[in-house]
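For what it's worth, our numbering labels the leading residue of the sequence shown as 421, then goes sequentially.
The beta-carbon is built from N, C-alpha and C at its ideal position, and this holds for glycine as well.
Report on the following structure.
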Amino acid sequence: MFLDLCASDASVASDASVASVVSDVSDVSVASVASVDATREDVYLSVVDLLKMRIVDLKVHLKAHKLCVSGSKKELADRLVGVITESSVDRTAELWSFYIICNGRYTYAGVSPDPLRRLKAHNGEICNGARYTLSKGAGWEHVCIVNGFTKRSSLQFEWRHKKFDKLFGGNMSGIRNRLDKMIFTLKKDRYTSKSELSSLCPLVIDYYHDVYYDFLSVLPEHVSIKYRHVNMSKFNKVMI
421 MFLDLCASDA SVASDASVAS VVSDVSDVSV ASVASVDATR EDVYLSVVDL
471 LKMRIVDLKV HLKAHKLCVS GSKKELADRL VGVITESSVD RTAELWSFYI
521 ICNGRYTYAG VSPDPLRRLK AHNGEICNGA RYTLSKGAGW EHVCIVNGFT
571 KRSSLQFEWR HKKFDKLFGG NMSGIRNRLD KMIFTLKKDR YTSKSELSSL
621 CPLVIDYYHD VYYDFLSVLP EHVSIKYRHV NMSKFNKVMI
C-alpha cells in the first residue's frame, strides 16, 4: 500500500512542486515588500533562498516520478531510498591532498583532489599545469603528499603554508624549507582563524623523497606518515 502511494505521489510531484514554488515565492515577496523596514535586497535574498530549497525538493520529486515508469515495487522502494540519500549527501566532502614536488633545485606546493594527475599537468603531459612548473620543464617528482583534507581545509592549509614566507620574511623555498613550513602548519591548532580544529581531520603523509629529516618524526597525533622510498635502515626504523 505504501509503495502504491509513493508511485501515486511521485506521478504528480512535479506539478505540485512547481505550484508550491510559485506560491511560496509569491508569499515571501508580498510579505517582504509589505514590511516597512524591508529593503529590496532583503526581498531578493528571501526569494533566492526559498527557490534554492524548493529546487532541491523538486529535483527529488522529478527523479521519483521517473523511477515510477518502470520496475517492480521492491525496486522502486530501493531506488527511492537511493534518491533521498543522494540528495542529502554533501558533494563538497570529496577528499583533497596537499603536495610538495621538486624538479632539481626547484620546488612547488599546491592542493588537488588528484595529486597524481596534477603531477602530469605540472610536467606538461596533460593540460592546465601551473605556469611556474611548466616554465621549468619536465622532471617534477613528488616529495610528499598529505592526504585526508576536505577541499575547504586543503585551501586553508595551503594558504597558511604559503603565508609562512611573509611571517618570517623572504622566500623559503627548497625541499627542507618546504617541509619545515609543512610541519609548522600541521602543528597549528587551526589553519586559519575561521577553520575547524586541525586535530579533527586525520591526515596521512605519503613521503617519497630519498632523504630523511629528523623533524619528520615529530608530528601531531592526528598525522601519520608512510615512507615510500626512504632507506630507513640507517635510522633504525622499519620501512612501511
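A straight-line Cα-Cα distance of about 27 Å links ILE603 and ALA558.
In this structure, SER637 lies away from ILE625, with their beta-carbon atoms at least 9 Å apart. Per DSSP, the beta bridge partners of PHE569 are TRP516. The three-state reading of DSSP puts ALA558 in coil, since its state is none of H, G, I, E or B.
For the set ARG538, PHE577, LEU575, PHE518, the Cα lying nearest the Cα of TRP560 is the one of ARG538.
Collapsing the DSSP output to three states places TYR628 in coil.
Counting the other CB atoms within 10 Å of its CB gives ILE546 a total below 16, which places it among the exposed residues.
In this structure, ILE565 lies away from TYR611, with their beta-carbon atoms at least 9 Å apart.
Within the same chain, Cβ atoms closer than 6 Å to the Cβ of ASN567 are found at SER517, VAL624, the five residues on either side in sequence being excluded. The shortest C-alpha to C-alpha distance from GLU514 to any of TYR528, ASP534, ASN523 is the one to ASP534. Looking at the backbone, the Cα of THR527 and that of SER613 are separated by about 28 Å. Taking the Cα of HIS629 as reference, the smallest distance to any Cα among PHE569, SER574, HIS649, TYR552 is reached at HIS649. Here ASN523 is not near LYS571, since their CB atoms are 9 Å or more apart. In this structure, the CA atom of SER532 is about 24 Å from the CA atom of VAL631. By the CB criterion at 9 Å, HIS562 and LEU554 fall outside the cutoff. Inter-residue distance for HIS642 and GLU616 is about 14 Å (C-alpha atoms, whole angstroms). Residue burial is scored here from C-beta neighbours: LEU606 has at least 16 other C-beta atoms within 10 angstroms and is therefore classed as buried. The beta carbons of ARG596 and TYR633 sit closer together than 9 Å. Beyond the five residues adjoining it in sequence on each side, GLU578 comes within less than 8 Å, by CB distance, of PHE518, ALA529, GLY530, VAL531 in the same chain, given in chain order. Cβ-Cβ separation between PHE569 and CYS621: approximately 7 Å, consistent with a contact (criterion under 8 Å). A direct Cα-Cα distance of roughly 12 Å separates ARG525 from ARG598.
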